[in-house]
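Here is the structure we will look at.
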Amino acid sequence: MFSLSINEENYAGQYSFKSRNYYESINLKESRQFIYNYKNEFISYEIKGNYRISNDSLVLDSNPQRDKIIIKEYNEGNKKNSLIIVKDKEGNILTYHIYIILLDDKVICLRDQWDKTKIKNQTIKGFYIVDTKGLQSPTYFKKGKFSNNFEVQFETKRVFENEIWIIEKDKIKPIGMDGEYQNYYLEKND
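Under the numbering used here, the first residue of the sequence shown carries the number 1, and numbering increases by one thereafter.
Here it is, written out as structure tokens:
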């Protein structure tokens, strides 16, 4: 346990990446807390949480922790048609892209959806949502065999939940809002 503490202290500090219209940073404090900042032309936010180091990995957890997506499902109307209503956690309508997974595992992408998505003559197995900022929900698989209506509350703020970033010497390879490792590093500031 003592060696783990020393190891984590060695990684404490500010790491950042900056380009013309983009800035991303994470400040790893010796107290095992972090402050993450993200800025682009249209969006700016800060997320706080806790971290731990495991071998060559940085494991992040937001604090407070929030559900990325909450879904109520029910059966109503024609069972071959589905209705998916999407709002943010405050109840506001938003523009989103939805990826529908059909029973045969075929995926249909419906882009620039607003408020609700109607799927006719298809039985869906699941779906995931990507907002216009690129933030992606986890894949949701329907629970009820006959469910065809879904009310979705989508978290529009980034949530870190046991998210693993890769540490390489004095730099960190982050995961983007799309859930994929990025092609750049956050480098330690002197």
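Quick reminder that beta carbons are idealized off the backbone N, C-alpha and C, glycines included. Values in this document were obtained by computation on a predicted structure and should not be read as measured data.
Check this for me: beta carbons of Leu83 and Asn149, under 8 Å apart or not? Taking the C-beta atoms as reference points, Asn149 is found nearer than 8 Å to Leu83.
For the candidate residues Pro64, Arg66, Gln65, Gly49, whose alpha-carbon lies nearest to that of Leu58? Ranking the options by Cα distance to Leu58, first place goes to Gly49.
Could you compute how far the alpha carbon of Ala12 sits from the alpha carbon of Ser25? Rounded to the nearest angstrom, the gap between the Cα atoms of Ala12 and Ser25 is 13 Å.
Look at the alpha carbon of Glu187 and the alpha carbon of Lys157, and state the distance between them as a whole number of angstroms. Computed Cα separation, rounded: 24 Å.
Does the distance from the CB of Val86 to the CB of Tyr96 come in under 8 Å? Cβ distance < 8 Å, so Val86 and Tyr96 count as in contact.
Roughly how many whole angstroms lie between the Cα atoms of Asp105 and Phe127? Near 11 Å, if we compare the C-alpha coordinates of Phe127 and Asp105.
Where does Ile6 land, buried or exposed, given buried means 16+ other C-beta within 10 angstroms? Here the model assigns Ile6 a pLDDT of 40, short of 50, so the residue's position is not dependable and the matter cannot be decided.
What are the boundary residues of the beta strand (DSSP E) that Val152 is part of? Looking at the DSSP string, the run of the beta strand (DSSP E) that includes Val152 is 149-154.
So Glu155 packs on Lys68, CB below 8 Å; how close in whole Å? The C-beta distance from Glu155 to Lys68 rounds to 5 Å, short enough to fall under 8 Å.
Cβ neighbours of Ile175 in the same chain (closer than 8 Å, five flanking residues each side left out): Annotation for Ile175: Glu163, Ile164, Trp165, Tyr181, Gln182 place their beta carbon closer than 8 Å to its own, counting only its chain and skipping 5 residues before and after.
Tyr11 (DSSP reduced to helix, strand or coil): Reduced to three states, the DSSP call for Tyr11 is helix.
So who's on the other strand from Asn37, going by DSSP bridges? Checking the DSSP bridge columns, you'll see Asn37 partnered with Ser25, Glu46.
For Val159, which residues of its own chain have a beta-carbon under 6 Å away from its beta-carbon, when the five flanking residues on both sides are left out? Closer than 6 Å at the Cβ level, and outside the excluded window around Val159, lie Ser62, Arg66, Lys68.
Member of Pro64, Lys125, Asp190 whose CA lies at the smallest distance from the CA of Glu161: Cα-wise, what sits closest to Glu161 is Pro64.
Assigned secondary structure, Gln65 (DSSP; H/G/I helix, E/B strand, else coil): Here DSSP, grouped into helix, strand and coil, assigns Gln65 to coil.
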